[in-house]
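This report concerns only the one structure given below.
Number of protein chains: 2
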Amino acid sequence: MNASRTARERARAELTREIKEEARRQLRASGAQGLSLRAVARELGMVSSALYRYFPSRDELLTALIIDAYDALGARIEAAAGTGGGFRERWRACCAAVRDWAREHPHEYALVYGSPVPGYQAPEATIAPASRVPVALLSLVRDAWREGVLTEPADELSPELAEQAERTAAVIPPAMPGPLLVRGAIAWTQLFGMVGFELFGHLDGTMDPAGPFFAHSVERMADFLGLPPA
Amino acid sequence: MNASRTARERARAELTREIKEEARRQLRASGAQGLSLRAVARELGMVSSALYRYFPSRDELLTALIIDAYDALGARIEAAAGTGGGFRERWRACCAAVRDWAREHPHEYALVYGSPVPGYQAPEATIAPASRVPVALLSLVRDAWREGVLTEPADELSPELAEQAERTAAVIPPAMPGPLLVRGAIAWTQLFGMVGFELFGHLDGTMDPAGPFFAHSVERMADFLGLPPA
DNA sequence: GCCAATGCAAGAGCAGTGCTCTCGTATTTG
DNA sequence: CAAATACGAGAGCACTGCTCTTGCATTGGC
Numbered sequence: 708m709n710a711s712r713t714a715r716e717r718a719r720a721e722l723t724r725e726i727k728e729e730a731r732r733q734l735r736a737s738g739a740q741g742l743s744l745r746a747v748a749r750e751l752g753m754v755s756s757a758l759y760r761y762f763p764s765r766d767e768l769l770t771a772l773i774i775d776a777y778d779a780l781g782a783r784i785e786a787a788a789g790t791g792g793g794f795r796e797r798w799r800a801c802c803a804a805v806r807d808w809a810r811e812h813p814h815e816y817a818l819v820y821g822s823p824v825p826g827y828q829a830p831e832a833t834i835a836p837a838s839r840v841p842v843a844l845l846s847l848v849r850d851a852w853r854e855g856v857l858t859e860p861a862d863e864l865s866p867e868l869a870e871q872a873e874r875t876a877a878v879i880p881p882a883m884p885g886p887l888l889v890r891g892a893i894a895w896t897q898l899f900g901m902v903g904f905e906l907f908g909h910l911d912g913t914m915d916p917a918g919p920f921f922a923h924s925v926e927r928m929a930d931f932l933g934l935p936p937a
Numbered sequence: 708m709n710a711s712r713t714a715r716e717r718a719r720a721e722l723t724r725e726i727k728e729e730a731r732r733q734l735r736a737s738g739a740q741g742l743s744l745r746a747v748a749r750e751l752g753m754v755s756s757a758l759y760r761y762f763p764s765r766d767e768l769l770t771a772l773i774i775d776a777y778d779a780l781g782a783r784i785e786a787a788a789g790t791g792g793g794f795r796e797r798w799r800a801c802c803a804a805v806r807d808w809a810r811e812h813p814h815e816y817a818l819v820y821g822s823p824v825p826g827y828q829a830p831e832a833t834i835a836p837a838s839r840v841p842v843a844l845l846s847l848v849r850d851a852w853r854e855g856v857l858t859e860p861a862d863e864l865s866p867e868l869a870e871q872a873e874r875t876a877a878v879i880p881p882a883m884p885g886p887l888l889v890r891g892a893i894a895w896t897q898l899f900g901m902v903g904f905e906l907f908g909h910l911d912g913t914m915d916p917a918g919p920f921f922a923h924s925v926e927r928m929a930d931f932l933g934l935p936p937a
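The listed protein sequences correspond, in order, to chains A and B.
The number in our numbering is simply the position in the first sequence, starting from 1, with 707 added.
The number in our numbering is simply the position in the second sequence, starting from 1, with 707 added.
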């Protein structure tokens, strides 16, 4: 497909990939704060100013890493959602995918789900890959509902929330009941709150190691969503 | 109590306070990344090297700000927990206290609950103020349980989790049932997951503005804890 | 009340950063 | 083949955290 017309274009694509690779390596070694354009260039045997031909600023490099991270996590959770078994097993697999990926790539997790860089405005290009995770989770809940295996919640929604739920449901047709979608969103925030707390050390000394607490909480959230027992 | 013995000691305490104040101002303006020792010194009319007499490094300054932030949030939630009304109202007040404080001090929230600075190890001095929030939340649940107004959960705990729950409950005697404490911890992670997502823009475009979603989720978590309806 | 010990601010300096600009060269395009 | 373009290299600017030395002010013991 991509015949990569000229030699220059092939070299450019190759170098862009290598820069991101080296940047990711430094990210893993010393975090986003410690990622230095000059160090990346040095490691690649080029001078720092040459790097600006590929990424116009340090923030743009970080944005590229963010998009890659979102996509990597998105692919993982989508694969988990597509496994066989009942809905509860698939829910477990999705949650485990998020936690496993986060523990394997803590700095990349921190980059996308930790504090945004000051003054950093998430560019348009990040929102699509960023939404893959919530879409996968909510789609799973919606599928369970469509198959009728779900005990549907009878929560009352305020008019504003009902409208937001409807807007949100529109991106993953066919529509599902608002109260159920909102419960899905709650479980989504719980999942990431727990994973973030584990990674950032807020569970140290109490629910530590976090494995049992995580497993238990996944079951409670499955109950909360009305998923049938396995 | 603190007669502040010598003039030198008074001046030192005063300057330490002023440094933290100016640092907090810069934090609010440009985030943790943008906090510069030299800029703080400049703003205070002193030379940068003089600042090192008060804080041995930039990280130590940040640690001082972190402790202050934990204490400020801790004081807020403790005040909210101590208000009158039923347990559900107090639960609402606690959750609102966390969200309100976070929205009022987004950069300080990011500092303590966002990604930890790379290679930054939370010093001993932070764990006591950091625990004020979970202690306040769990104490509220425990009080409701002691008064018998709670429908106690019948969740089964794995042996490891039961042991962790027991260890955790020991710091807020008298002991409470493990399954209930774990539900409290789940609600705790949900609360901070949701607040973090709102602050860091992960709800933009869906549950945005986040007020209705927040209010609804607080009720669902109150149900989840078995708190009686208001 | 004096004097040594200590606390402290100032300045210079080091190694590093992101980023800009210019300049000569290599590649691509018409 | 010539003109347009892309590119790497280097110098340089303004900034950062941090260290070290120097000289002055405050303190506590005699």
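C-beta atoms are modelled at their ideal positions from N, C-alpha and C, and glycine is treated no differently.
It should be emphasised that the depicted structure is a prediction, and the values quoted were computed from it without experimental measurement.
So, does the CB of B:L829 fall closer than 8 Å to a CB anywhere in chain A? The displayed chain sequence assigns Ala, not Leu, to residue 829 of chain B. Yes, B:A829 counts as interfacial toward chain A.
Does the CB of A:A892 have a neighbour CB from chain B at under 8 Å? yes
Buried or exposed by the 16-neighbour rule on C-beta atoms within 10 Å, applied to A:R715: exposed
Counting pairs of beta carbons, one from the segment 776-784 of chain B and one from the segment 837-844 of chain B, are three or more of them closer than 8 Å? yes
When you compare the CB of B:Q733 with every CB in chain A, is at least one pair closer than 8 Å? no
Is B:L934 helix, strand or coil when you go by DSSP? coil
Just to confirm before moving on: does the CB-CB distance between B:L864 and B:L934 stay below 8 Å? no
Can you list, in chain order, the residues of the segment 831-844 of chain A whose Cβ is nearer than 9 Å to any Cβ on chain B? I834, A837, S838, P841
Check whether the Cβ of B:S755 lies closer than 8 Å to any Cβ atom in chain A. no
Report the residues of the segment 795-823 of chain A with a CB closer than 8 Å to any CB of chain B, ordered along the chain. H814, A817, L818, Y820, G821, S822, P823
Quick check on A:G686 - is its C-beta less than 8 Å from some C-beta in chain B? Missing from the structure shown is residue 686 of chain A; chain A here goes from 708 to 937 and no further.
Cβ-Cβ distance between B:L845 and B:L888 below 8 Å: yes
Please state whether DSSP places B:H909 in a helix, a strand or coil. coil
In whole angstroms, give me the CA-to-CA distance for A:A937 and B:R765. 51 Å
Can you pull the chain B neighbours of A:R927, defined as C-beta to C-beta under 9 Å? P860, D862, V889, R890, I893, F931
Return the CA-CA distance between A:A894 and B:G752, expressed in angstroms with no decimal places. 50 Å
Between the segment 764-778 of chain B and chain A, which residues of the former have CB atoms less than 9 Å from a CB of the latter, in chain order? none
B:Q740, DSSP secondary structure in three states: coil
Hey, is A:S846's beta-carbon within less than 8 Å of any beta-carbon in chain B? no
CA-CA distance, A:D807 and A:L906? 11 Å
Cβ-based neighbour list, B:N709, same chain, cut-off 8 Å, excluding 5 preceding and 5 following: For B:N709, the pLDDT reaches just 43, beneath the cut-off of 50, and the residue's location in the model is therefore unreliable, leaving the point undetermined.
Among B:D915, B:A876, B:M928, which one has its Cα closest to the Cα of A:Q897? B:M928
When the Cα atoms are used, what is the spatial distance from A:A922 to A:E750? 41 Å
Residue of B:A876, B:P880, B:A851, B:P884 minimising C-alpha distance to B:P860: B:P884
Which class does A:M928 belong to by DSSP, given the choice of helix, strand or coil? helix
For A:G738, I'd like the list of residues in its chain whose CB is within less than 8 Å of its CB, leaving aside the five on either flank, ordered along the chain. H814, A817
Identify the contact partners of A:E750 in chain B, using a Cβ-Cβ distance below 8 Å as the criterion. The contacting residues do not exist; A:E750 stays about 18 Å from chain B at best.
Using CA coordinates, which residue listed in A:P881, A:D775, A:M901 is at the minimum distance from B:G890? For the sequence presented, residue 890 of chain B should be read as Arg rather than Gly. Closest by alpha carbon: A:M901.
Can you find the residues in the same chain that come closer than 7 Å, C-beta to C-beta, to B:S756, ignoring five residues on each side of it along the sequence? none
How is B:G752 classed by DSSP in three states: helix, strand or coil? coil
For A:E873, decide whether its Cβ has a neighbour in chain B, counting only Cβ atoms nearer than 8 Å. no
Taking the Cβ atom as the reference point for each residue, do A:T790 and A:A800 lie within a distance shorter than 8 Å? yes
Would you say the segment 865-882 of chain B touches the segment 716-726 of chain B, given that touching needs at least three Cβ pairs under 8 Å? no
Could you give the residue range of the alpha helix (DSSP H) that holds B:L769? 765-788
8 Å contact criterion, which B:R731 and B:L772 should meet: CB distance rounded: 6 Å
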